[in-house]
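Below you'll find the structure, written out as structure tokens, and then a few comments.
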Ligand SMILES: [Zn+2]
């Protein structure tokens with residue numbers, strides 16, 4: 001495998017973008033920031049890949065106008081996944097591994113506030129036996145949370161402490177939407193919303209976009225003083241049906257984590273849109289208490305669909321660049337109740 | 001919602017609505033046909049477990065499921081979540097619970113709604129039974145929802161003889177509502193239209209004039225900026241004659257759909273050509289806008305009803321060939 | 001670093017037709033997937049990863065349907081990717097699958113692309129009214145017809161060229177049991193006599209709307225050796241290029257992205273004279289006139305000369321550069337799968353498994369797809385021989 005590193009990252013997140021669902025307004029400055037961070041221009045980039053969803057925008061081919069942000073004449077080598085940009089990053093990493101290119105920019109974007117997100121996401125479910133009931137995202141997470149609560153795998157206090165830590169840590173994250181010093185008692189004092197979930201147990205609906213730069217070998221060193229070298233990059237999927245998998249563990253996260261190698265990780269950015277899901281992820285990855293979790297505040301404080309996953313990777317990379325982590329893990333999720341999961345490990349040192 | 005001129009960008013409601021027609025295949029046809037007859041079928045997996053709704057393929061052997069067996073319409077709640085604010089088209093339009101219900105005779109719970117008035121009225125382990133819809137058609141919604149059942153109630157185990165499946169398809173209405181917003185650049189263009197003006201913008205890098213203006217010049221990746229008012233006349237570069245009816249069509253066929261390159265613009269846009277026989281339309285023809293009456297103007301491109309020939313001599317091919 | 005040689009070892013297709021009322025979406029995909037696995041002599045257990053492609057989710061009304069399909073595709077516990085690059089998606093999906101093998105990440109990747117267009121209406125899904133804009137172009141035909149007119153003006157092509165392409169592709173389709181349209185007796189005259197839909201495009205010069213899926217198993221050099229498959233389709237080169245839908249003075253007839261992609265493709269495949277070195281091509285031609293346009297765009301003919309190859313019969317089976325031996329998109333169009341069908345049919349040719357529409361002695365073939373407003377291109381060259389480089 002080639003040594004490939006994350007060498008640039010920029011993001012924009014907000015509660016509601018008062019602008020076009022193409023998100024060009026966000027992508028143009030994001031790409032500008034990436035060029036500034038790396039000292040590169042468009043012609044330095046070998047491959048482009050984005051992640052977004054037609055159903056979020058409410059129209060077919062919603063990704064098409066986003067390529068305008070790149071400026072694609074002369075044409076570029078470019079691809080798109082109907083997935084979180086974390087998987088676009090995976091495709092870009094694979095492209096670099098083939099040796100065809102040395103650098104790539106990946107971006108994701110989405111305006112979740114344009115529709116009723118928790119209802120739109122019901123369109124992901126089995127179209128014959130589940131979707132016609134319009135089971136919303138929050139209800140599916142609630143069923144998952146209750147199963148763990150009643151089996152004694154976690155309790156309300158553990159969920160509340162995830163929320164409190166996330167919101168408190170997010171206080172210093174300029175892009176977080178829900179933030180501020182919060183104690184577990186503050187959380188528990190909230191009334192139930194979708195029993196067993198309180199509002200703060202659920203990620204806020206968020207709009208946003210983000211971009212990331214990957215580079216191989218010497219190109220990485222040219223763009224970044226302390227690149228975040230990718231030492232493991234794996235993803236797995238499970239059946240969508242809630243009755244076809246364990247809801248209280250995440251076997252896909254566990255196997256992606258095992259294949260990536262979690263040993264020595266000192267920090268983890270986990271994509272958990274619901275508080276109990278962080279608990280599932282931590283145990284599935286076998287992360288000890290000494291591992292710092294979500295110093296950015298995580299998805300509970302801002303969860304822009306189709307970029308929230310890659311944001312975890314960006315936040316982890318920032319910690320490596322800053323020297324505040326030597327080996328970090330980042331995770332992204334997709335699908336209902338943690339159906340599909342991706343794990344990447346980043347290291348301040350090349351190779352293993 | 002009427003577009004307001006106060007907001008930073010224009011907003012308008014947008015609906016995405018379609019009744020999808022789904023074919024079911026063998027397993028789901030049997031399942032749906034049974035529901036129509038008030039019976040629930042489970043699929044028998046290779047390991048002997050009975051799963052409701054039946055998967056089409058075995059999760060381990062990957063072979064098609066072939067055996068379906070009736071299970072009870074009574075079951076036990078395994079987990080649940082309260083739905084305080086139901087969204088449109090959910091099984092109940094008042095607060096209810098979504099639950100995993102393990103039907104008697106099955107080995108995996110199914111997801112459905114339980115009709116109770118408050119979270120206090122439902123608990124894991126509670127016995128529930130199917131409440132059938134008033135009219136059953138062969139749909140998962142033939143189960144209107146589940147409702148509490150007495151602990152001692154015996155389940156009505158359906159054992160009936162199913163002939164060839166009666167239901168082989170279903171209709172799935174998908175109705176979504178969005179708040180559509182234009183970009184700031186488009187907003188300037190559309191607001192200009194409401195005053196009968198055509199505002200393009202120049203890219204600060206390549207200096208090409210775009211109409212409508214762009215959030216990013218597709219060549220340079222920067223927003224177009226300097227506003228340029230363009231005349232409402234130009235050259236027809238290329239066109240087609242539309243002779244095919246389609247859903248939502250508002251213009252009688254045949255009509256000419258053409259690229260119009262306004263004088264002073266560097267990009268053409270599509271519009272209608274009328275006031276001329278379709279057979280007489282030509283590439284290079286000079287055209288001008290025909291506007292709706294002023295009192296009908298909105299922030300939309302259809303303020304221009306169509307373009308018509310100006311009567312000027314046609315433009316030379318060389319003057320527009322690089323716009324094709 | 002060198003790429004690991006990779007090859008197609010199995011191909012599976014469904015029968016393409018307007019409505020597959022007998023299967024669910026999962027059932028449709030499994031028909032193609034099961035055939036590809038059988039053809040490759042492997043089972044789901046041998047597959048390391050799955051790459052799914054399809055065009056807009058609004059066609060079936062399922063958001064990211066690969067999530068629901070994961071288990072039926074045997075992907076549980078494995079990596080699954082979903083590609084969406086508009087009409088070129090079938091090709092880009094195959095390229096992503098190939099990359100996973102060429103990069104040395106996986107030994108065997110299953111890739112599948114599909115569309116079940118009968119679940120909705122493509123023209124609706126592609127033309128949902130957007131506020132403030134006035135839709136006038138009436139679907140894909142209305143979008144592309146003005147550019148076809150530009151091509152005719154620019155090249156001076158005689159008006160019957162489009163009909164020649166349509167008649168040839170429909171005749172070819174008769175030799176392909178999977179093709180959607182089996183219209184016996186289609187001739188240049190009958191095409192010219194068909195209704196003008198989007199002048200200059202006639203009804204018989206347009207593609208149908210189909211249900212269908214196409215799947216391939218792509219294997220590494222090592223996995224090919226283990227497979228016992230003796231006639232794999234080796235992947236010699238892959239390329240993708242994108243450009244904007246609209247831009248000032250963008251060439252919409254002979255788009256630069258297509259020219260750049262093919263130039264890079266020939267270079268990567270070590271090809272200096274494409275028309276001499278490529279034995280046959282499956283090229284995305286949804287409207288008949290795109291055959292001469294793409295002949296030029298791909299470098300098989302000089303700009304303005306593509307129609308001369310068509311007129312001389314050189315794109316028919318037995319000609320210098322046969323195009324769309326399978327009947328092409330003009331005869332079967334499950335949109336999201338159409339690109340992969342081109343890639344798979346190219347593979348079948350060099351495997352010598354194209355049946356009645358086999359080009360004798362085909363050793364090198366092109367698979368091509370494009371999408372959006374002639375702006376997204378994906379293509380590959382496959383060969384009977386292992387690539388030399
Ligand atoms: Zn420019």
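Protein chains in written order, with my numbering: chain E, 1 to 352; chain G, 1 to 324; chain B, 1 to 389. Cβ atoms here follow ideal geometry from the backbone N, Cα and C, with glycine treated the same way.
Do residue j and residue i come within 8 Å of each other at the CB atom, strictly closer than that value?
{"i": "residue 96 of chain E", "j": "residue 45 of chain E", "result": "no"}
{"i": "residue 275 of chain E", "j": "residue 192 of chain E", "result": "no"}
{"i": "residue 110 of chain E", "j": "residue 307 of chain E", "result": "yes"}
{"i": "residue 188 of chain B", "j": "residue 167 of chain B", "result": "yes"}
{"i": "residue 114 of chain G", "j": "residue 99 of chain G", "result": "yes"}
{"i": "residue 320 of chain E", "j": "residue 220 of chain E", "result": "no"}
{"i": "residue 143 of chain B", "j": "residue 240 of chain E", "result": "no"}
{"i": "residue 284 of chain E", "j": "residue 254 of chain E", "result": "yes"}
{"i": "residue 199 of chain B", "j": "residue 241 of chain G", "result": "yes"}
{"i": "residue 239 of chain B", "j": "residue 265 of chain B", "result": "yes"}
{"i": "residue 191 of chain B", "j": "residue 14 of chain G", "result": "no"}
{"i": "residue 118 of chain B", "j": "residue 19 of chain B", "result": "yes"}
Chain B beta carbons: is any one of them nearer than 8 Å to that of residue i?
{"i": "residue 244 of chain E", "result": "yes"}
{"i": "residue 240 of chain G", "result": "yes"}
{"i": "residue 55 of chain E", "result": "yes"}
{"i": "residue 345 of chain E", "result": "no"}
{"i": "residue 300 of chain G", "result": "yes"}
{"i": "residue 227 of chain G", "result": "no"}
Would you verify that the beta carbon of residue i is, or is not, closer than 8 Å to some beta carbon of chain G?
{"i": "residue 290 of chain B", "result": "no"}
{"i": "residue 84 of chain B", "result": "no"}
{"i": "residue 237 of chain B", "result": "no"}
{"i": "residue 377 of chain B", "result": "no"}
{"i": "residue 9 of chain B", "result": "no"}
{"i": "residue 74 of chain B", "result": "yes"}
{"i": "residue 114 of chain E", "result": "yes"}
Within the continuous beta strand (DSSP E) that includes residue i, where are the two ends?
{"i": "residue 383 of chain B", "result": "376-383"}
{"i": "residue 42 of chain G", "result": "40-44"}
{"i": "residue 273 of chain G", "result": "269-273"}
{"i": "residue 235 of chain E", "result": "228-237"}
{"i": "residue 372 of chain E", "result": "Lying before the first or after the last residue shown, residue 372 of chain E is absent from chain E, which here runs from 1 to 352."}
{"i": "residue 23 of chain B", "result": "Unbroken run through residue 23 of chain B: none, as it is neither H nor E."}
{"i": "residue 349 of chain E", "result": "Segment: none, residue 349 of chain E is in no beta strand (DSSP E) and carries neither H nor E."}
Hey, residue i and residue j are a contact pair by Cβ (cut 8 Å); roughly how many whole angstroms apart?
{"i": "residue 61 of chain B", "j": "residue 20 of chain G", "result": "4 Å"}
{"i": "residue 48 of chain E", "j": "residue 78 of chain E", "result": "4 Å"}
{"i": "residue 382 of chain B", "j": "residue 8 of chain B", "result": "7 Å"}
{"i": "residue 221 of chain G", "j": "residue 177 of chain E", "result": "Wrong, their Cβ atoms sit about 27 Å apart, outside the cutoff."}
{"i": "residue 145 of chain B", "j": "residue 327 of chain B", "result": "Not quite, the Cβ-Cβ distance comes to about 22 Å (not below 8 Å), so this is no contact."}
Any C-beta of chain E sitting closer than 8 Å to the C-beta of residue i?
{"i": "residue 1 of chain G", "result": "Confidence at residue 1 of chain G is low in this model, with a pLDDT of 44, below 50, so its placement is unreliable and no value can be given for it."}
{"i": "residue 269 of chain B", "result": "no"}
{"i": "residue 105 of chain B", "result": "yes"}
{"i": "residue 349 of chain B", "result": "no"}
{"i": "residue 386 of chain B", "result": "no"}
{"i": "residue 4 of chain G", "result": "Low local confidence applies: a pLDDT of 48 at residue 4 of chain G is under 50, so the model's placement there is unreliable, with the coordinate-based value given in what follows. It does not: the Cβ of residue 4 of chain G has no partner Cβ on chain E nearer than 8 Å."}
{"i": "residue 234 of chain G", "result": "no"}
What are the boundary residues of the alpha helix (DSSP H) that includes residue i?
{"i": "residue 292 of chain B", "result": "290-297"}
{"i": "residue 234 of chain B", "result": "Taken as a continuous stretch (DSSP letters only), residue 234 of chain B belongs to no alpha helix (DSSP H), being part of the beta strand (DSSP E) at 233-242."}
{"i": "residue 147 of chain B", "result": "139-155"}
{"i": "residue 93 of chain B", "result": "89-102"}
{"i": "residue 276 of chain E", "result": "275-285"}
Exercise for review: Taking only runs that begin and end inside the region 170-226 of chain E, name each unbroken alpha helix (DSSP H) of 4 or more residues, in chain order.
Suggested key: 184-189, 217-223
Exercise for review: Any chance you could list the beta strand (DSSP E) runs of at least 3 consecutive residues sitting entirely within the region 39-80 of chain B, in chain order?
Suggested key: 49-53
**Study point:** Unbroken stretches of the alpha helix (DSSP H), 4 residues or longer, contained in the region 100-127 of chain E
**Key:** 117-120
Practice item. Only counting runs of 3 or more residues, tell me where the beta strand (DSSP E) segments fall wholly within the region 83-138 of chain G, in order along the chain. Key: 96-103, 110-114, 127-132
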